[in-house]
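Before any comments, here is the structure.
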Amino acid sequence: MAITVDENSLKNGVLTLVVTLVEVIQEALERQAVRRMEGGDLSTEELNRLGDALLELDEAMEEIKAEHGITASVADLHRGLDEVVDEVVDRLANPARWADEIESGGERR
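Everything in the sequence shown is counted per full-length UniProt numbering, starting at 1 for the first residue and increasing by one.
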């Protein structure tokens, strides 16, 4: 059985995944920058450079999404990843509740 692959769809899917992952990494970098700023670990010059670099990255990502028409698909994938992360964190934070649900045969979604 032959598998038919739509090259444009595959390309957009991979680009959506890459852009979404870059956005997730960017968010982590922004959180780390805020922690370092609040902790007084950054000089004014370092803070300005970091802010400029993050702004440039954000603008580049927005431009790529607009150019390739993937803004909505990136948002959807990002939302889906956020939901998965929220569920994993909830399971780690509330193991007893999850064990009870598994024992009772119910599954939360």
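All C-beta atoms in this analysis are idealised placements derived from N, C-alpha and C, irrespective of residue type, glycine included. Computed from a predicted model, the values in this text were never measured in an experiment.
- Here the region 82-92 makes no contact with the region 36-46; the two share fewer than three CB pairs at distances below 8 Å.
- In the DSSP assignment, residue 57 falls within the unbroken alpha helix (DSSP H) covering 44-68.
- Residue 15 and residue 74 have their C-alpha atoms spaced approximately 9 Å apart.
- Residue 7 and residue 68 have their C-alpha atoms spaced approximately 14 Å apart.
- Contact annotation: residue 12 and residue 70 have beta-carbon atoms nearer than 7 Å.
- Annotation: residue 104 to residue 91 spans about 16 Å, alpha carbon to alpha carbon.
- With respect to residue 77, residue 20 sits close: the two C-beta atoms are nearer than 7 Å.
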